[in-house]
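One structure is given below, encoded as structure tokens.
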Amino acid sequence: MAAISLNLSPNQRTGLCTHQQHGVIIEEIEGLLRVYKDGNVERPSIMPNVSCTTVLERGVTAKDAIINKDTNLWGRIYSPSCSGKLPLLVYFHGGGFCVGSAAWSCYHEFLANLASKANCVIISINYHLSPESRLPAAYDDGFNTLMWLKQEAQNGSSGQKWWLRHCNLSCLFLAGDSAGANIAYNVATRLGSSSSSLINPLSLKGAILIQPFFGGETRTISEKNSNQPANSALTLSASDTYWRLSLPPGATRDHAYCNPLACGMGKLCNLRLPSIMVCVSEMDILKDGNLEFCAMLSKAGKSVETVMYKGVGHAFQVLHNSQLSQPRTQEMMSHIRAFLNQ
């Protein structure tokens, strides 16, 4: 998810206003993020972090793994009980590149459920956040995760054998929601520009992009005209703030990290991409941009499956902020399972 909208209590607002020691605030999304001129960043605790041992979907085991101790890059692994080899899904959480964690309770619940329902092994990556680590830092974390997976698979690591032995390494998928979907796409394009043997014995089969957080200088109709409810997970103002904080300094929203279509049809045609499934929410301000992205990839000859979820908005599958969230989430999990096994 690119943002979470909160209805703050007066006490919460007062608490936020007492943080004056860092001076001038240069960027703020109320209840989510404050960036000060002196470089300090505040992220109020809006979602509980939970341990990997927190009660899970029946039959799913979860453990945390250090990917790079020097950079404090880690992931949370979910492995369902099974008798055969399962697809491996590398997942990137949402949060506009600026907030969120693989330990957030909403992701812990969603991914444990997905591992069980879609029958796959999942590793959820706790990548570095902006603005302290602007893009392409998160893309680097995603790529380095794949290099770590390759090394662990080749070395037959005893520490990771508990879940690696359940993985079909030739069925690797990249996935994420919102900013995480953006990361998954950019890691996939980076792999596509490299030798196909780079990640052997792993083989990338597909990417699952849930409400991908893309943009551009030109506003889409859904960005301009969508009437968002008070509890909307993403507003246009929050979206713009996240891009200012995550893009390289001086970049506009037509930078390739934000607008994958700005490079033109020629470059899209030349991209080596796996099959892609894009999950679009009908009430999301990103809807029209997501649909245009799918249409352009299809026109460029890529294999794209587009799924629309009616009556729900951005990040419905983790925030459960609509009466339709639960049934639509179950639909999404069924669609993901089918995509993994096609």
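Taking our numbering, the leading residue of the sequence shown gets 40, the next gets one more, and so forth.
No residue lacks a Cβ here, since even glycine has one placed at the ideal position from N, Cα and C.
- Here Ile249 has Asp216, Ala220, Cys318 as same chain residues with Cβ atoms under 6 Å from its own Cβ, once five neighbours each way along the sequence are excluded.
- For Gly181, the enclosing alpha helix (DSSP H) stretches over residues 176-194.
- Assignment of beta strand (DSSP E) within the region 285-360, counting only whole runs of 3 or more residues, yields 314-320, 343-348 in chain order.
- Fewer than three beta-carbon pairs drawn from the region 267-277 and the region 336-350 are found closer than 8 Å, and the two stretches are therefore not classed as touching.
- For Tyr117, the enclosing beta strand (DSSP E) stretches over residues 112-119.
- A direct Cα-Cα distance of roughly 15 Å separates Leu168 from Ser278.
- Under DSSP, Cys206 shares a beta bridge with Leu125.
- Spanning the alpha carbons of Ala290 and Lys338 requires a straight line of approximately 27 Å.
- Between Leu128 and Phe252, the CB-CB gap reaches or exceeds 8 Å.
- By the Cβ criterion, the region 148-159 is in contact with the region 362-375, since at least three pairs of Cβ atoms, one from each stretch, lie closer than 8 Å.
- The C-alpha of Trp282 is placed about 17 Å away from the C-alpha of Tyr75.
- Counting only the Cα atoms, Thr280 lies some 23 Å from Gln60.
- Scanning its chain for C-beta atoms nearer than 6 Å, with the 5 sequence neighbours on each side dropped, one finds around Leu358 the residues Ala272, in chain order.
- CA-CA distance, Pro83 to Ser234, rounds to 42 Å.
- Residue state for Lys76 is assigned as coil, using DSSP reduced to three classes.
- Nearest Cα to Ile85 within the set Glu66, Val94, Ala177, Gly139: Gly139.
- Counting the other Cβ atoms within 10 Å of the Cβ of Gln356 gives 16 or more, which makes it buried.
- CA-to-CA, the gap between Thr228 and Pro119 works out to about 29 Å.
- In this structure, Tyr130 sits near Ile164, with a CB-CB distance shorter than 8 Å.
- Residue environment: Gly255 is assigned as buried (16 or more neighbouring CB atoms within 10 Å of its CB, all protein chains considered).
- In this structure, the alpha-carbon of Leu185 lies about 26 Å from that of Glu96.
- Taking all protein chains shown into account, Pro240 has fewer than 16 neighbouring C-beta atoms within 10 Å of its C-beta and is therefore exposed.
- Rounded to whole angstroms, Tyr296 and Tyr146 show a C-alpha spacing of 24 Å.
- Gly328 is positioned such that its CB atom lies closer than 8 Å to that of Thr259.
- For Leu248, the uninterrupted beta strand (DSSP E) run begins and ends at 243-249, by DSSP.
- In this structure, Ile116 lies near Trp202, with their beta-carbon atoms less than 8 Å apart.
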